[in-house]
Amino acid sequence: MKMHFYGLKGTGLERILIVLVVFTAVTVVIMQVLPVNPVNDPLQPAAVPVTAIEHSGAAGETAPVLQKHVVTFQLKNYSLLPMARVLVNDEPRKIFNDRYVTVFVRAGDILKIDGTRYNRSIDIEVLDVSKEVIRPAAGSGFRVEGNVVTVGKVCLSEAGK
31 MKMHFYGLKG
41 TGLERILIVL
51 VVFTAVTVVI
61 MQVLPVNPVN
71 DPLQPAAVPV
81 TAIEHSGAAG
91 ETAPVLQKHV
101 VTFQLKNYSL
111 LPMARVLVND
121 EPRKIFNDRY
131 VTVFVRAGDI
141 LKIDGTRYNR
151 SIDIEVLDVS
161 KEVIRPAAGS
171 GFRVEGNVVT
181 VGKVCLSEAG
191 K
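Counting with the numbering used here, you get residues 31 to 191 for the letters of the sequence shown.
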């Protein structure tokens, strides 16, 4: 019995299918092994949340303080919207790469949702807030319809200030 094409038997169509399956498997393995370059990734957020802020001490000196106050938003009618953004004081902080987005906040921050890149209604809920955050309240919802919607000004309890 004569073997053809690297030991594969069968018709030409079977050989072609086997080669395509092997090529596809090798391609998938190579793509999984290659590192992703986050610098050139267009889906990365334009800005990342600041994990440390500075405040002035009693003598006018500054010291970093970790932010511990967060607000978590949830998309109600979509699983992700990569062009919808959470704005903190009119600066982009997070994008909806996932159904849930958490942003760090301080007292007096103005929270907004930018949905101007979509021509559809987006229902969003404030899913959870830190225990010191009074406003926005957890459970409050709103609708973005191709515009920028102001969620509100962040208010903290006396213990959180």
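Cβ atoms here follow ideal geometry from the backbone N, Cα and C, with glycine treated the same way.
If you're wondering where the values come from, they're calculated on a predicted model, not measured in any experiment.
Pick from the options that is closest to residue i, judged by C-alpha positions
i	options	result
residue 178	58, 101, 166, 117	117
residue 132	147, 168, 146, 188	168
residue 141	150, 45, 165	165
residue 159	170, 150, 151	170
residue 114	187, 145, 43, 59	145
residue 183	155, 102, 119	119
residue 136	185, 62, 122, 143	185
residue 102	45, 143, 63	143
Status (buried if at least 16 other CB within 10 Å, exposed otherwise) for residue i
i	result
residue 47	exposed
residue 176	exposed
residue 138	exposed
residue 50	exposed
residue 59	exposed
residue 157	buried
residue 200	The shown model of the chain, from 31 to 191, leaves out residue 200, and the question about it has no answer.
Chain-order list of residues whose beta-carbon lies under 6 Å from that of residue i (same chain, five-residue window excluded)
i	result
residue 173	151, 153
residue 187	162, 164
residue 57	none
residue 111	126
residue 44	none
7 Å Cβ shell around residue i - same chain, five flanking residues per side excluded
i	result
residue 129	104, 105, 109, 110
residue 42	none
Cross-strand partners of residue i (DSSP beta bridge)
i	result
residue 130	104
residue 122	117
Three or more C-beta pairs under 8 Å: does that hold for the segment 136-154 against the segment 107-114?
Touching, per the Cβ criterion.
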